[in-house]
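Going left to right, the sequence shown walks through residues -17 to -1, 1 to 220 as mature numbering (1 follows the signal peptide of the UniProt record, and there is no 0) numbers them.
Each residue gets a CB set at the ideal place from its N, CA and C atoms; glycine is no exception.
What follows is a short report on a single structure.
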Amino acid sequence: MKLVFAGTLAISVLALAACSVPTAPKAVSSLDTLFTAPVGRSNATQVQSGPGVSLGVVYSPSTQTNRGYLRDYQANAGTGFGQSLLVQPIHDAYVATSKPDMAVDWVKASLQRQFGSVTVYPDMQSLRAARPDVLAIVDTHSQLMTSRSSDIKADVSADFYDAQLNYIGTARGSDAAALSPLWADYKRTEDIVADIHQQQDVQVRALQKFDQSLDSLVSRPAQKVSMLEDHQAQKVY
């Protein structure tokens, strides 16, 4: 019985070590690629919101890079030597916790609760031509675990500008965790799977912090209510 367990454990770890999981791209500032002229500072300290306010959104280049990284992560997780052995639960956990559009879908839903209309544009030129009341540049970055690193991090932000492209403020959320190495020889498959699922928890906490930051940044046309009373439950991923 002990020999069977030991064999199962060894195969699980070996399968994990053989996984070819992409590493996260470096977090870089991408605003310089979106603006061709210096950005001024708005006199407003909060972002105007409400049912009569239109918001135009552009995803930063690093957000697009991050979505590509997550698509590659899903496509490559669990491949290699152990795929035909005991790696399927590990593979499934990698895929379930690396949804490419989780962050942008969450952020868009959060913005839709604050503004009358939210439209995502393919580039800055299209956004400026549409002339919405408020502009936002959404930036996301993820660092998920691999067979060589168990450090997890998620960052999300939205920089807001008025119709004249004057900067108003930023809503942001960030979270991180450092776990014990996935390839440690004492870990069973179920322990590895539980660790992998923590990277989704990190992403969710970062997005929840973004929501709190957004609530503090926007101004409502009607009397403010408590964030705890007004908060709507996010979609569970």
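Local conformation of residue i per DSSP, three classes
{"i": "T123", "result": "strand"}
{"i": "P34", "result": "strand"}
{"i": "K91", "result": "helix"}
{"i": "K192", "result": "helix"}
{"i": "T153", "result": "strand"}
{"i": "R24", "result": "strand"}
{"i": "T129", "result": "coil"}
{"i": "T102", "result": "strand"}
{"i": "A141", "result": "strand"}
{"i": "T80", "result": "coil"}
{"i": "P115", "result": "coil"}
{"i": "S13", "result": "Per-residue confidence for S13 stands at a pLDDT of 48, beneath the threshold of 50, marking its modelled position as unreliable; the derived number appears in the next sentence. Of the three classes helix, strand and coil, the one that applies to S13 here is coil, per DSSP."}
Distance between beta carbons of residue j and residue i, contact taken as under 8 Å
{"i": "G156", "j": "F193", "result": "3 Å"}
{"i": "V87", "j": "T123", "result": "7 Å"}
{"i": "G35", "j": "R203", "result": "No, G35 and R203 are not in contact; Cβ-Cβ is about 12 Å, not under 8 Å."}
{"i": "A113", "j": "L38", "result": "The Cβ separation is near 11 Å, so there is no contact."}
Opposing strand residues paired with residue i [DSSP bridges]
{"i": "Y42", "result": "V121"}
{"i": "I135", "result": "A160"}
{"i": "V201", "result": "V30"}
CA-to-CA distance, residue j to residue i, given in whole angstroms
{"i": "V117", "j": "G99", "result": "11 Å"}
{"i": "Q29", "j": "S93", "result": "17 Å"}
{"i": "V101", "j": "I135", "result": "30 Å"}
{"i": "A146", "j": "T80", "result": "37 Å"}
{"i": "D174", "j": "L53", "result": "23 Å"}
Close Cβ partners of residue i (< 6 Å) along its chain, the five nearest in sequence each way excluded
{"i": "L162", "result": "S133, D178"}
{"i": "Y42", "result": "V121"}
{"i": "V90", "result": "V121"}
{"i": "R50", "result": "P83"}
{"i": "G140", "result": "The sequence shown places Ser at residue 140, not Gly. Within the same chain, S140 has close Cβ partners D122, T153, R155."}
Contacting residues, own chain, Cβ-Cβ under 7 Å from residue i (five flanking each side not counted)
{"i": "P72", "result": "T172, V176"}
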